[in-house]
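Have a look at the structure below before the remarks.
Protein chains: 2
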Amino acid sequence: MAGDDQRALQYEQTLMYGRYTQELGAYAKEEAARLREEGGWRPSVKERSRSLELLEYDRGRCAKCRICTVRCQKFLISRVGEDWIFLILLGLLMALVSWVVDFAIAICLQAQKWMYGGLESNVFLQYLAWVTYPVVLITFSAGFTQILAPQAVGSGIPEMKTILRGVVLKEYLTFKTFVAKVIGLTCALGSGMPLGKEGPFVHIASLCAALLSKFMSLFGGIYEEPSLIGNKNESRNIEMLAAACAVGVGCCFAAPIGGVLFSIEVTSTFFAVRNYWRGFFAATFSAFIFRVLAVWNRDEETITALFKTRFRLDFPFDLQELPAFAVIGIASGFGGALFVYLNRLIVQFIRKQKTINKFLMKKRLLYPALVTLLVSTLTFPPGFGQFMAGKLTQKESLVTLLDNRTWAKQGIAEGFDYIGNSQAWNHPQVNVFVTLVLFIVMKFWMSALATTIPVPCGAFMPVFVIGAAFGRLVGESMAAWFPDGIHSDGTIYPIVPGGYAVVGAAALSGAVTHTVSTAVIVFELTGQISHILPVMIAVILANAVAQSLQPSLYDSIIRIKKLPYLPELGWGHHEKYNIRVEDIMIRDVMYITLNCCYRDLHDVLLAGHLKTLALLESSESMILLGSIERAQLQALLSLQLGRPRRLEYLRDRATAEMKRLSMVSHPGSEDGSQRVNQEVRFQISTEESSFSSTPTPSMKPLKPALKRPSVVDRPPDIHMPTSPQDHSGNTLKNLFCVNPETEGLEDDFDVDDDMTIREIAEWEENQLDEQVNFDNCKIDPAPFQLVERTSLHKTHTIFSLLGLDHAYVTSIGRLIGVVSLKELRKAIEGSVAVKGVKVRPPLSSFRDSGTSGTSSSNSENEATELHKLWDRHKSMSLPREHLASDSDEKSQ
Amino acid sequence: MAGDDQRALQYEQTLMYGRYTQELGAYAKEEAARLREEGGWRPSVKERSRSLELLEYDRGRCAKCRICTVRCQKFLISRVGEDWIFLILLGLLMALVSWVVDFAIAICLQAQKWMYGGLESNVFLQYLAWVTYPVVLITFSAGFTQILAPQAVGSGIPEMKTILRGVVLKEYLTFKTFVAKVIGLTCALGSGMPLGKEGPFVHIASLCAALLSKFMSLFGGIYEEPSLIGNKNESRNIEMLAAACAVGVGCCFAAPIGGVLFSIEVTSTFFAVRNYWRGFFAATFSAFIFRVLAVWNRDEETITALFKTRFRLDFPFDLQELPAFAVIGIASGFGGALFVYLNRLIVQFIRKQKTINKFLMKKRLLYPALVTLLVSTLTFPPGFGQFMAGKLTQKESLVTLLDNRTWAKQGIAEGFDYIGNSQAWNHPQVNVFVTLVLFIVMKFWMSALATTIPVPCGAFMPVFVIGAAFGRLVGESMAAWFPDGIHSDGTIYPIVPGGYAVVGAAALSGAVTHTVSTAVIVFELTGQISHILPVMIAVILANAVAQSLQPSLYDSIIRIKKLPYLPELGWGHHEKYNIRVEDIMIRDVMYITLNCCYRDLHDVLLAGHLKTLALLESSESMILLGSIERAQLQALLSLQLGRPRRLEYLRDRATAEMKRLSMVSHPGSEDGSQRVNQEVRFQISTEESSFSSTPTPSMKPLKPALKRPSVVDRPPDIHMPTSPQDHSGNTLKNLFCVNPETEGLEDDFDVDDDMTIREIAEWEENQLDEQVNFDNCKIDPAPFQLVERTSLHKTHTIFSLLGLDHAYVTSIGRLIGVVSLKELRKAIEGSVAVKGVKVRPPLSSFRDSGTSGTSSSNSENEATELHKLWDRHKSMSLPREHLASDSDEKSQ
C-alpha cells in the first residue's frame with residue numbers, strides 16, 4: 001500500500017506542464033515498462049502464469065502441445081501491445097468498413113436507378129420515386145444521427161483537428177458516434193446527393209482507433225487498464241489518432257501516400273517525423289486490403305487505382321499547354337475560396353433568419369428534406385437534369401470526366417464505341433460545353449448547400465468532381481481550339497482533356513482544403529503520375545490564391561462550430577509582431593501561496609475554474625514555484641474537511657471523553673467495527689489499484705471510522721469516478737454536504753455523528769484556518785513561462801508546438817500574469833478585426849451567436865454548481881470577517 | 001539615442017531560451033516589421049524616396065515614365081524580401097546548376113567512352129585509357145576539394161541534418177564550399193565511379209540558399225542588414241535551408257513531391273506543416289525548370305519523367321506476385337543494413353590501421369586513386385567488366401534495368417529489337433542471372449567503398465541501381481518460373497521484371513536511408529505509379545528490417561564524423577524509460593547570484609565555457625531566476641573594468657585634484673576635448689545603428705573621455721565585431737590588455753593614462769569587489785526547466801522539439817542541476833551500450849578517436865585563451881586571499 005503511494009508520488013513528480021502531443025507515448029510506455037518490470041501485480045496475469053506452471057508440472061506428454069498453445073497465446077497477448085499489431089488491426093477494420101460502406105452505397109444507388117428505370121412509363125411516378133427515395137434516406141440519416149449521436153454530423157475533420165491539438169472532445173469518440181456515423185453516412189451517400197465520404201472516414205477511422213484501443217485494453221501490454229495510466233495515455237492516443245486519420249483517407253481513396261500527407265496537412269500543426277511510419281504502415285495496409293477486397297469480390301482483376309486513367313505515356317502534355325494548366329489553378333483558387341464562403345454564407349443565413357431558424361428548430365428534419373427535395377428535383381434526368389448529366393452518380397461522372405477521349409472534337413455520339421455513361425454528357429439539343437458549364441454551376445451551389453445538411457458527410461468528393469468538370473471544360477475548349485494539338489513537329493499529339501480534368505480536380509480540392517497533397521491523392525486515384533508537373537503547378541497556384549482569400553473549409557467549420565482551436569497566423573500579418581504578451585495577458589492571476597491556509601484554498605477554488613493554479617512562495621515575493629492541478633487542491637480540501645477527518649476528530653474527542661469516563665463499554669460493537677472496517681479497507685484497496693493515477697489522499701487506509709454501516713451503505717464516497725473533474729465534484733459535494741437539504745437520505749448520519757450541523761460548521765471553520773500542508777500534493781515545478789515582452793507570434797508558436805493551454809507570465813521569477821488559449825485566440829482574431837485586414841471578415845458575426853464549445857460550457861456549469869453549493873454553505877456557516885480582506889489581497 | 005537603447009532593451013527582454021527551429025522567421029519578420037514601421041532609418045532608403053519626390057516635383061511631362069520606372073523598381077525591391085521570390089530564384093538557380101552538372105557529367109562519360117572506343121585495336125592501351133581517366137578525375141576532385149574546402153567532402157546530408165537541428169556549422173555554407181562541391185561533384189561523377197549526386201545536391205541547394213540570402217541582403221526587405229537582425233534571422237534561415245534541401249532532391253531527380261518528403265524524413269525531427277508549401281513550391285519550380293531545360297535542349301520532346309517506364313496499365317501485377325515483392329522488401333532491408341555496416345567498416349578499418357593511416361595521411365590523394373584504380377579495373381569491359389555490364393554508365397544500367405521487356409524468357413539477343421544497352425546484360429557465355437548476381441555483388445562493395453573516397457559524392461543513386469538490379473533479378477526469376485504469368489483466368493499477363501526492379505530500387509534505397517519517401521521518388525522518376533502497393537509494402541518492410549539492425553547511412557556518417565547531433569531513440573527501447581534526468585544531470589552547476597560581485601562573475605567566466613549561465617536569487621535559496629548569456633556577462637565585466645570607466649575614474653580623480661588646486665588652466669584644451677568628443681560620439685552613433693542587436697553597454701554615449709586622440713586612433717575599441725563570441729574576445733582583451741607585453745604599440749597610452757600598471761591593477765581589484773548591477777543586462781527569465789524525475793524519453797522529446805542545447809533541472813524553483821545536449825547524447829548512447837542491445841555497436845570505437853566537432857573545439861580554444869589571459873593578469877595583479885574560498889563556495 002505504502003509502496004503504491006510512493007510510486008504514485010514518484011510518478012506525479014515527473015509530471016511536467018502541458019501535453020506534448022507529438023510525443024511517442026512516453027508516459028504510456030513508461031508506465032507499461034514499469035509495470036512490466038514489477039511484474040504480476042495484476043491478478044489475471046498472475047493466474048495465467050500460474051496455470052502455465054501447473055500445466056507444465058502436473059501433466060505428462062500430451063500436455064506439450066497445450067503448453068505450446070498457452071505459450072503462443074501468451075506470446076500473442078504480449079505482442080498485442082505493440083503498435084504495429086494495433087495499426088494492422090486498424091487498417092484491416094477500416095478497409096472492411098470502407099468496403100462495406102461502398103458496397104451499401106452502390107446498392108442504394110442501384111436501387112434508385114432500378115426504381116427510376118422501372119417506372120419509365122409515367123414521368124410523374126418516376127419523378128416521385130426519384131425524389132422520394134433520397135428525401136427518405138436523408139431524413140432517416142439526419143434523424144438517426146440526431147437521435148443517436150449528434151456529434152456524428154458533418155465531416156469530422158475539424159473535430160479531429162481540434163482533438164489532435166490536444167483538446168479533449170470526449171463525446172466525439174464513442175461507440176454511439178461510430179454507429180451513427182457509419183449508418184448515417186451510408187444513407188446520406190446512398191441518396192445520391194453531392195456528398196463525400198472522405199471527411200467522415202477520417203472521423204470513422206479515429207473512432208475505430210479509439211474503440212479498438214479500448215477493446216484491446218482487455219488484453220495485455222500497454223493497453224492494460226487505461227484508467228491507471230489515465231491522462232498519460234493521451235499522447236499515445238493522439239499519435240494513434242493521427243495514424244487513424246491517415247488510414248481514413250487512405251482506405252477511402254486507396255491512396256496511402258496521399259492519405260498520410262493529406263491527414264498531416266489537414267490535422268497537424270507540427271508533425272513528428274518519427275511517427276511518419278505509423279501512418280504509412282496503417283494506410284498502406286488498409287488501402288491494400290480495401291483493394292484486395294475488390295479483387296476477391298471480382299470487381300477487379302487485380303489491384304489497380306480506383307479511377308484508373310489511360311492517358312498516353314509517351315507525350316502526356318505539351319509544354320505550351322502549361323499556361324492553360326496555370327489558368328485552371330488560379331481559377332480553382334478563386335472557386336475554392338468562393339465555395340468556402342458560400343458554404344459559410346448558407347449556414348450564416350439559416351442561423352440569422354430567426355423565423356426560419358425557429359421553424360427549423362421545431363422540425364429538425366424539415367431542412368434536410370427540403371434541401372434534398374430541391375437538389376433531387378433539379379437533377380431529375382428527364383427534367384433539368386438532362387442538361388447536366390443528372391443521371392450519373394458522382395462516381396460515374398468522375399469516371400467519365402477523366403476519360404482520355406476528347407468529347408468536343410469527335411462529338412460524343414459518333415466517335416464513341418463506349419456506349420454507357422459518357423453519353424449522358426451529350427445532349428441532342430445542347431452543346432457539351434453548355435452541359436459542362438451547367439453541371440459545374442449547379443453542382444457548385446448544390447454541394448455547398450448539401451454539405452450544410454446535418455448528416456455525416458464530407459465535401460471533398462463533390463468538390464473533386466466539380467474540379468474535374470471544370471478541368472474537363474478547359475480541356476475540351478483547348479481541344480476545340482487546337483484540334484491537332486499544339487506540338488509543332490511532325491507528329492500529332494492531340495490534347496487530352498482528361499488530363500485537364502485531373503489537374504482541375506486536384507486544384508479545386510486543394511483550394512478548398514488548403515492542401516498540396518491533393519496532388520498525390522489524384523495520382524493515386526487515377527494510377528497515373530504523368531501529369532505531375534501541371535498538377536503541382538495548378539495546386540500550388542490554387543492554394544496561393546485560396547489561402548489569401550478565405551480560410552480552409554475545415555478552419556471555416558471550426559470557426560462556425562466554435563471549436564476550441566488555435567487559429568493559424570496567416571502569411572505576413574505583420575501587425576501581429578507588435579502585440580506582446582503583456583498586452584493580452586490576464587494580470588489578475590488566481591494563485592495560492594506556500595503558507596496559505598485552507599480557507600484561501602477554498603476561496604480560490606470557488607472563485608475560478610482554471611484547471612491548474614499557480615503556487616507562489618508568498619504574496620509579497622510573488623515568486624512562482626510551480627503549479628498545482630485543481631483536483632489536487634480539491635483533494636487536499638476534502639481531506640482536511642472530509643468526513644474521515646471529522647470522524648477522527650470525533651473519535652479523538654470520544655477517546656478523550658472516554659478517558660475522562662470509566663472504561664466500561666460494549667466490546668461487541670468494537671468487534672463489529674473492526675469487521676466492517678476491514679471490509680471497507682478491502683474495498684478501498686481494490687479501488688485504488690485502478691485509480692492510482694489520481695491520487696486521492698482521502699482513500700488512504702484511514703483510521704477506523706466510527707460509524708461503519710453508513711460508510712458501507714454509501715458507495716459514492718468511495719467509488720470515486722476516474723476523471724478529476726467528476727472526482728472534484730464529488731469531493732466537494734462531500735465537503736459541503738453537511739447541509740441537510742442536500743442530504744435528505746442521511747438524517748441518521750447526522751444523528752450518528754454526534755455532531756449538530758452547527759457543531760460541524762464550527763469545526764469546519766476551525767479546520768479552514770489551518771495552514772495547508774502541501775507535502776503529499778502533486779506540484780508541477782516547471783509550468784511553462786513566458787516573458788511580458790514575448791511577441792504574440794512567438795507565443796502562438798510555443799502554444800501550438802507544445803500543445804499548451806496556458807502559460808504563466810513571469811518577470812525574473814515573479815508571477816505577473818497568465819495567458820491561456822482563450823486570450824491568445826482572442827488576440828489573434830481581435831487584432832485582425834481591429835486593424836481592418838480583409839481576412840475572414842464574414843466570420844466575425846459568428847462570434848456572437850451560435851453554439852458554444854462543449855468543454856467551456858462544461859467548466860462553466862461546474863463553476864455554477866460550485867457557487868450554488870458555496871452560497872448554501874455560506875448561508876448556514878458562521879459569519880467571517882476576513883473573507884473580504886482576503887480576496888482584496890488576492891486581487892492586488 | 002535613448003530611444004534606440006530602450007528599444008534594444010525591449011528587444012532583449014523578449015528573448016526566450018532556446019532556438020525554436022521550426023518557427024516562421026518570427027524574429028526576422030518582427031524586426032523587419034518594426035524597422036519598416038519606423039521607416040527611413042536607413043539613409044539609402046531615405047535618399048531613394050527623396051529622389052522620387054524630387055523627380056515628381058521637379059520635372060515636367062516626360063518624367064512620368066521615369067517615375068513609373070522608379071516606382072516599379074521600388075516595388076520590385078520591396079517584393080524581393082518576399083519568400084516566394086527567394087524560392088523561385090533558388091529553384092531556378094538549382095535547376096540550372098543541376099542541368100549544367102548533368103550536362104558536364106554526360107560529356108565526361110562520353111569522352112571516356114570515346115577514348116575507349118578509339119583505342120579498340122590495343123587492349124592494353126584501352127585499359128590504360130579506361131583506368132587513367134577516372135583516376136585522374138577522382139584525384140583532381142579529391143585534391144581540389146581538399147585544397148579549396150574540405151567541408152565539401154561527402155554527401156552533405158548529415159551536415160544539413162545537424163545544421164537544421166539548430167547547430168551552427170558555419171564553414172559548411174560558404175562560397176568556397178559551393179565551388180568545391182559543384183566542381184568536385186562533376187569530376188567525381190564524370191569518372192563513372194558508382195557515386196550519386198543526390199546528397200551533394202542537398203548540400204549544394206543549401207549553399208545556394210545561404211549565398212542567395214546573402215546576395216539578396218544587398219536589396220531591401222527582410223534581407224536588409226543581416227548583421228542587425230543577427231541570430232534572430234537564424235530561424236528564418238533554417239526554414240529556407242529546409243526548403244533548399246527539398247529543392248536539392250527535387251531538381252536532382254525531377255521529383256518535387258518525393259524531394260520534399262525525402263528531405264523532411266532525412267533532415268527533420270519535428271516538422272512545421274505551415275512550412276510545407278515552401279518546399280513544394282521551390283521543388284516544383286526547380287523540377288519544372290530542370291525538365292524544361294531538357295526540352296529546350298532537344299533531349300526530350302516534352303516534360304516527362306527522368307527514367308520513364310512503359311509498363312502496361314491495365315494489369316500491372318498479379319495479386320499472387322505480392323509475396324515476391326515482400327521478399328524483395330525484406331531482403332533489401334538486410335541488404336541496406338549490410339551496406340551501412342560495410343561502409344562504416346571500411347572507414348573504421350582505414351582509420352584503425354595506423355600504418356595505412358599514416359601513409360594515407362601523407363599522401364592524401366593516394367587512397368582515392370587506389371580505390372578508383374581497383375574499381376575501374378574490375379569494370380573494364382573487355383576484362384571482368386563484361387560479366388557485369390561494366391560498359392554501361394549508372395544511368396544506362398538503370399534505364400535497362402527498368403525496361404518492361406523480360407530478358408530471361410525470350411533471351412535478350414533474339415527477342416530484342418532494342419539494340420543498344422540492354423545487350424550489355426547478355427553475355428554470350430554467361431546467363432543473365434549470373435550477370436545480374438555479379439553486378440549486384442560487385443557494385444555493392446564497390447559502392448560502399450567508393451562512397452568513402454573523400455570527394456563530394458552521395459550513395460543514394462548507386463544503392464538505387466543495386467536495388468533495381470536486385471529487383472530485376474527476382475523479377476527475371478519469377479518470369480522464368482512462371483513463363484505465362486500467374487493469373488488463372490484465360491488472359492495471359494506475363495510477369496514484368498521491370499516492375500520488380502522499381503520495387504527493389506525503392507526498397508533498397510529506403511532501407512539505406514531509413515525513409516519511406518523513396519517510394520514517391522521512384523514513382524516520380526519512372527513516371528508510373530501503377531506499382532504503388534508493392535512498392536509501399538516493400539519499402540515499409542525494408543525499413544522495418546533495416547531500422548532494427550543499423551542506423552541510417554546519414555546517422556552513421558553523423559556518428560563517424562562526430563557531428564553534434566542528438567540521436568533518435570529507436571523503436572521500443574524500454575530501458576530508456578527508466579532513466580531519469582537526475583541520473584544524467586550535472587549537479588555542479590555554474591551559476592551567479594543576484595548579489596554577487598564582479599569578481600565572482602570573473603571567476604565563473606574563467607572556470608567554464610557555457611554559453612549561458614544560471615542566475616540565482618542567492619546561493620542559499622538556490623532559486624532560479626533566469627539565465628544570462630555569457631556575452632552579456634562579459635560585456636558587464638568589460639564595462640566595469642574597461643578603459644572608459646578607468647578614464648572616468650581618472651577624470652574624477654583629476655577633477656578632485658583640480659578642485660584642490662587653483663582653477664587656472666588651459667581653456668584651449670578644454671575646447672579641443674569638446675570637439676573631439678563630438679566626433680567620437682558621432683562615430684559611436686553610426687556604429688550603434690548596425691549593432692543594436694548586440695547591445696554593448698560600453699558604447700553608450702560615455703562621459704567625455706580625457707584622452708581623446710587615443711580613442712580616435714584605436715578603432716578596435718569601438719568597432720566591435722558583431723558576433724557576441726568575438727565581441728567578448730575583444731572586450732576581454734581590452735579588459736586584460738593592461739599587460740605591457742600585449743600592448744607594445746601603446747606605450748604612449750599608459751603614459752597618457754597617468755596610471756602605472758600597478759595602479760591599474762589595484763584599481764581593477766577594487767572594481768572587481770563591487771556588487772554587480774544587472775539593470776542593463778539581458779536576462780532570460782524563463783530558461784527551460786526540467787524536473788529531476790523527468791524521464792530520458794521526455795527530455796529527448798523536449799530537446800528535439802524545441803531545439804534546446806541545455807535545460808536546467810529545478811526542484812520547486814531551486815536549481816539542482818543542468819542537462820545539456822552532451823549529457824543527453826551520452827545517456828542515450830551509453831544506455832544502449834550498457835544494456836547490451838545490439839544497436840550500433842561498431843560505432844563505439846569511433847567515440848574515442850577521430851575528428852571532433854568544430855563548435856566544441858572552438859569554445860575550448862576560447863577558454864584556453866581566456867586562461868592564458870587570466871594567468872597573465874594574475875601574475876601581475878595583487879594577491880587575493882578570498883579567491884579560493886569563493887570558488888569553494890561555488891562548487892558546493
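Chains as they are written, first to last, in our numbering: chain A, 1 to 892; chain B, 1 to 892.
Beta carbons are placed, not taken as given, at the ideal position from N, Cα and C, and that holds for glycine.
Pick out whichever of V101(A), N543(A), V371(A) has its Cα sitting closest to the Cα of G336(A). Residue mapping note: residue 336(A) aligns to position 336 of the first sequence, counting from 1. For G336(A), the closest C-alpha among the options V101(A), N543(A), V371(A) is that of N543(A).
When the Cβ atoms of the region 181-189 of chain A are set against those of the region 90-106 of chain A, are three or more pairs found closer than 8 Å? A contact exists between the region 181-189 of chain A and the region 90-106 of chain A.
So is C245(A) buried or exposed if we call it buried at 16+ other beta carbons inside 10 Å? Here residue 245(A) is taken as the residue at index 245 of the first sequence, counted from 1. Classification of C245(A): buried, given that the 10 Å Cβ count is 16 or more.
Compute the distance between the beta-carbons of G527(A) and T304(A), then report whether it is under 8 Å. The residue given as residue 527(A) occupies position 527 in the first sequence. The residue given as residue 304(A) occupies position 304 in the first sequence. Yes, Cβ-Cβ distance for G527(A) and T304(A) is below 8 Å.
Extent of the continuous beta strand (DSSP E) to which L616(B) belongs: The residue you call residue 616(B) lines up with position 616 of the second sequence. Residues 612-616.
Within the 8 Å Cβ cut-off, does A95(B) reach chain A? Taking the second sequence and counting its residues from 1, the one referred to as residue 95(B) is at position 95. Not closer than 8 Å to any Cβ of chain A, the Cβ of A95(B) fails to qualify, so no.
Sorted by chain position, which residues of the same chain lie with C-beta nearer than 8 Å to V787(B)'s C-beta, five sequence neighbours on each side aside? Mapped onto the second sequence, residue 787(B) falls at position 787. These residues qualify, in order along the chain: V581, V809, T810, S811.
Any C-beta of chain A sitting closer than 8 Å to the C-beta of R310(B)? Within the second sequence, numbered from 1, the residue matching residue 310(B) stands at position 310. At least one chain A Cβ lies under 8 Å of R310(B).
For D318(B), which residues in chain A fall below 8 Å Cβ to Cβ? Mapped onto the second sequence, residue 318(B) falls at position 318. Residues of chain A with a Cβ closer than 8 Å to the Cβ of D318(B) are, in chain order, T302.
Give the residues of chain A in contact with A519(B), contact being defined as C-beta atoms less than 8 Å apart. Taking the second sequence and counting its residues from 1, the one referred to as residue 519(B) is at position 519. Within chain A, the residues near A519(B) are I257.
Taking only three categories from DSSP, how would you classify F444(B)? The residue you call residue 444(B) lines up with position 444 of the second sequence. DSSP, reduced to helix, strand and coil, places F444(B) within a helical segment of the structure shown.
Within a Cβ cutoff of 8 Å, which residues of the same chain sit near D445(B), ignoring the five residues on either side of it in sequence? Translated into positions along the second sequence, residue 445(B) becomes position 445. Checking the sequence, you will find Trp at residue 445(B) rather than Asp. If the five residues before and after W445(B) are omitted, its C-beta is found closer than 8 Å to the C-beta atoms of L342, all from its own chain and listed in chain order.
Could you have a look at L195(A) and say whether DSSP puts it in helix, strand or coil? What you label residue 195(A) is simply residue 195 of the first sequence in a count that begins at 1. DSSP places L195(A) in the coil class of the three-state scheme, outside both helix and strand.
What residues of chain B sit near T284(A), judged by a beta carbon separation below 8 Å? Stepping through the first sequence from its first residue, residue 284(A) is reached at position 284. Within chain B, the residues placing a beta-carbon under 8 Å from that of T284(A) are L533, M536, I537, I540, ordered along the chain.
Would you list the one or two residues that DSSP bridges to Q528(A)? Position 528 of the first sequence holds residue 528(A). Q528(A) is bridged by DSSP to Q528(B).
Kindly indicate which three-state DSSP category G608(A) falls into: helix, strand or coil? Taking the first residue of the first sequence as 1, we reach residue 608(A) at position 608. Collapsing the DSSP output to three states places G608(A) in coil.
Would you say A369(A) and V535(A) are within 8 Å of each other, going by their C-beta atoms? On the first sequence, residue 369(A) is found 369 positions in, with the first residue counted as 1. On the first sequence, residue 535(A) is found 535 positions in, with the first residue counted as 1. When the beta-carbon positions are compared, A369(A) and V535(A) stay at least 8 Å from each other.
Ignore the nearest five residues each way along the sequence and tell me which others in P256(B)'s own chain have a CB closer than 6 Å to its CB. As a position in the second sequence, residue 256(B) is number 256, starting the count at 1. Only G250, A283, T284, A287 meet the Cβ criterion.
Let me see if you follow: with CB-CB separation under 8 Å, is L306(B) close to chain A or not? The residue you call residue 306(B) lines up with position 306 of the second sequence. Taking Cβ atoms only, chain A never reaches closer than 8 Å to L306(B), which makes this a no.
When burial is assigned at 16 or more other CB atoms within 10 Å of the CB, is D775(A) buried or exposed? As a working mapping, residue 775(A) is identified with position 775 in the first sequence. Answer is exposed; the Cβ neighbour count stays below 16.
Using a Cβ-Cβ cut-off of 8 Å, state whether L218(B) counts as contacting chain A. The residue you call residue 218(B) lines up with position 218 of the second sequence. It does not; no Cβ of chain A falls within 8 Å.
Locate the beta strand (DSSP E) running through T174(B), then write down its first and last residues. Numbered from its first residue, the second sequence carries residue 174(B) at position 174. For T174(B), there is no enclosing beta strand (DSSP E), as DSSP gives it neither H nor E.
Nearest candidate by alpha-carbon position, reference Y893(B), set T269(A), N297(A), G279(A): The structure shown does not extend to residue 893(B), since chain B is modelled only from 1 to 892, so the question has no answer here.
For a contact meaning CB atoms closer than 9 Å, what does G527(A) contact in chain B? Translated into the one-based positions of the first sequence, residue 527(A) becomes position 527. L313, P316, Q528, I529, S530, I532, listed in chain order.
Which residue or residues does DSSP assign as beta-bridge partners of F270(B)? Here residue 270(B) refers to the residue found at position 270 when the second sequence is read from its first residue. Answer by DSSP bridge pairing, in chain order: A272(A).
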